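Worksheet for the structure shown next.
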Amino acid sequence: MRLWPFRRRRIPLPPLPADDLLIIEERLRHAADGVLIVHERQIRGPVIVFRGALQTEPAKAVDTLLERFGAFGYTPFLKAERGGGVAVQAWPLGDMTQAPRPRLALVLFALTVLSTFAAGWAFFTGSETFDALRAWPFPGSLLSGAPFALTLLAILGVHEFGHYFTARYYGAAVSLPYFIPAPVLFGTFGAIIRMRSPARDRNSLFDIAAAGPLAGLLVALPALLLGLTWSRVVPAEHAGLGGFGYSLLTRLFVWWRFGDLPAGTAVMTQMFGAVGGSLMAIAIMISSFGCNNGLILAGARVYYAMAKDGLFFRSVAKLHPTYKTPVVSLMVQMVWTCVLCISGSYGQLLEYIIFAVLVFYVLTIIGLFVLRRTHPDANRPYRAIGYPVLPAIYIVMALFIDVVLLRYKPQYTWPGLIIVLLGIPVYYIWSNRSGSAAEVTRV
Numbered sequence: 000m001r002l003w004p005f006r007r008r009r010i011p012l013p014p015l016p017a018d019d020l021l022i023i024e025e026r027l028r029h030a031a032d033g034v035l036i037v038h039e040r041q042i043r044g045p046v047i048v049f050r051g052a053l054q055t056e057p058a059k060a061v062d063t064l065l066e067r068f069g070a071f072g073y074t075p076f077l078k079a080e081r082g083g084g085v086a087v088q089a090w091p092l093g094d095m096t097q098a099p100r101p102r103l104a105l106v107l108f109a110l111t112v113l114s115t116f117a118a119g120w121a122f123f124t125g126s127e128t129f130d131a132l133r134a135w136p137f138p139g140s141l142l143s144g145a146p147f148a149l150t151l152l153a154i155l156g157v158h159e160f161g162h163y164f165t166a167r168y169y170g171a172a173v174s175l176p177y178f179i180p181a182p183v184l185f186g187t188f189g190a191i192i193r194m195r196s197p198a199r200d201r202n203s204l205f206d207i208a209a210a211g212p213l214a215g216l217l218v219a220l221p222a223l224l225l226g227l228t229w230s231r232v233v234p235a236e237h238a239g240l241g242g243f244g245y246s247l248l249t250r251l252f253v254w255w256r257f258g259d260l261p262a263g264t265a266v267m268t269q270m271f272g273a274v275g276g277s278l279m280a281i282a283i284m285i286s287s288f289g290c291n292n293g294l295i296l297a298g299a300r301v302y303y304a305m306a307k308d309g310l311f312f313r314s315v316a317k318l319h320p321t322y323k324t325p326v327v328s329l330m331v332q333m334v335w336t337c338v339l340c341i342s343g344s345y346g347q348l349l350e351y352i353i354f355a356v357l358v359f360y361v362l363t364i365i366g367l368f369v370l371r372r373t374h375p376d377a378n379r380p381y382r383a384i385g386y387p388v389l390p391a392i393y394i395v396m397a398l399f400i401d402v403v404l405l406r407y408k409p410q411y412t413w414p415g416l417i418i419v420l421l422g423i424p425v426y427y428i429w430s431n432r433s434g435s436a437a438e439v440t441r442v
């Protein structure tokens, strides 16, 4: 029984007999002629791996191999290897595109429009023009929620279509956005897009992922400024759970709109009334859960790479015998996460790390300028959008936030910075241990 539109799963193809795999391997090798000089061939279950050297640019090689391998029902994946070679993995994925379902997307969007208008009618106040519509008979009174619903739908819609159109630009097969209506909270649990084909390379995957938040920001910032025009300064004890004071970006715009707030006052939007804080806490929780997937996968592999380089306990570099995942590293990350969870609040932990994180982000962007100057002729398959203006603006804004943190949150920023700086002697201690162990091994 299909209770959800994504319940159906693609049935994997049964493995081919060994003789057939050898035939397919030979055909794929010939299909790679002119693109890849094959030095080694290998069969790993249903996957066929070719190792060698590319005869053309990586982007052009991907396009050519996608077309040639697709004729045999296989999809190629390129991976750079140490020493300058590449590995081409041919997976029996074939054509993964599916028929679009615009009717389902339209029905879900219509339900989300109704649920967000209902949420705005129940919680949003602050506009005299729209508040007057509450006197209308139902369902006309739902129009009083228009400022909330239209703003939320605009941010969410532009965000999702940023992903959608960028994916289509790169030739990826994606579905239309499926909005998720909700009878509680903000009237929606967001939206999702199904990516029905693998990304052609990491650069396109990065662009597809980044396009959504950047597009949504183009709507969110004007919406924030408009919302502040409907806000007012009230005594802090009356601001309740709707008062600002946590987001540095919001604090900047509040200062721009109202100037320095008198002592004992706060800015109140009157957006959610008495339940605003609870709703905001739930929203932050949902957002955090959404980030956990990437953080867990990426974070554990940092410890794994450190252990492989001799800069952490060797046991952390062990892989699971079946799934080939850094299982020990994942367990170490889990234990450390539990320690952090009981050591302080969400806001305190964020303030401890955000200063140091921004410092490293700034150093990374500065490295972009340095490499452009010292290696002007280096191959750059991915170009930084808006260089040099946008990276320079980012550096200025990040440094501004760090200065604000040092000024207003010194009890968190300095300890956090000291913890990061302690990594320097720890790095040299582990490096010396690793070097001594290697010397003993050679002896």
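So in numbering that gives the first Met the number 0, the last spot in the sequence shown is 442, and the numbers never skip. Idealized CB from N, CA, C, for every residue including glycine. These numbers come from a predicted model, not from an experiment.
(request) Look at the Cβ atom of A118, then the Cβ atom of G83, and state whether they are nearer than 8 Å. (result) no
(request) On a CA-only basis, which of L310, G298, F116 and K323 is nearest A148? Give me that one, please. (result) F116
(message) To the nearest angstrom, how far is the alpha carbon of G139 from that of A153?
(response) 21 Å
(request) Indicate whether G161 and G226 have their beta-carbon atoms separated by less than 8 Å. (result) no
(request) Taking the CB atoms as reference points, tell me whether G298 and Q347 lie closer together than 8 Å. (result) no
(request) Starting from I47, follow its DSSP beta bridges and name the residues at the other end. (result) I42 and A89
(request) Leaving aside the five residues before and after R28 along the sequence, list all residues of the same chain whose C-beta is less than 7 Å from its C-beta, in chain order. (result) V37, R40 and F49
(message) Run through the DSSP bridge pairs and tell me what F76 is partnered with.
(response) Q88
(request) Tell me, to the nearest whole angstrom, how far the beta carbon of A30 is from that of R67; I am working on the premise that it is less than 8 Å. (result) 4 Å
(request) Using 10 angstroms around the beta-carbon of Y427, count the other beta-carbons present and answer buried if the total reaches 16, otherwise exposed. (result) exposed
(request) Starting from the Cα of A89, find the closest Cα among R432, M305, A79 and T74 and give me that residue. (result) T74
(message) Measuring straight from C-alpha to C-alpha, what distance separates R195 and N378?
(response) 30 Å
(request) Label E159 either buried or exposed according to how many other C-beta atoms from any shown protein chain fall within 10 Å of its C-beta, with 16 as the threshold for buried. (result) buried
(request) Mind checking which residues open and close the alpha helix (DSSP H) that includes I418? (result) P409 to L420
(request) Identify, in the order they occur along the chain, each residue of the same chain with its Cβ nearer than 8 Å to the Cβ of F71, setting aside the five sequence neighbours on each side. (result) I23, R26, L27 and A30
(request) Could you tell me whether the Cβ atoms of F311 and W429 are closer together than 8 Å? (result) yes
(request) Give me the Cα-Cα distance between F129 and S114, rounded to the nearest whole angstrom. (result) 17 Å
(request) Have a look at the DSSP bridge pairing and note the partners of I191. (result) Y177
(request) Sort P221, L20, T55 and E56 by Cα distance to R43 and report the nearest one. (result) L20
(request) Spell out the partners DSSP gives V37 in its beta bridges. (result) G51
(request) Mind checking which residues open and close the alpha helix (DSSP H) that includes W120? (result) P101 to F122
(request) Locate the alpha helix (DSSP H) running through L132, then write down its first and last residues. (result) That residue, L132, is in no alpha helix (DSSP H); it is neither H nor E in DSSP.
(request) Please state whether DSSP places T336 in a helix, a strand or coil. (result) helix
(request) Please specify which runs of the alpha helix (DSSP H), each continuous and at least 4 residues long, are wholly inside the segment 339 to 396, giving them in chain order. (result) 345 to 373
(request) Examine the Cβ distances between the segment 385 to 399 and the segment 311 to 330 and report whether three or more of them are shorter than 8 Å. (result) no
(request) Report the rounded CA-to-CA distance for Y411 versus E350, giving the unit in angstroms. (result) 6 Å
(message) Using 8 Å as the threshold, is the C-beta distance between L151 and F185 below it?
(response) yes
(request) Measure the C-alpha to C-alpha separation of A58 and A198 and round it to an integer number of angstroms. (result) 12 Å
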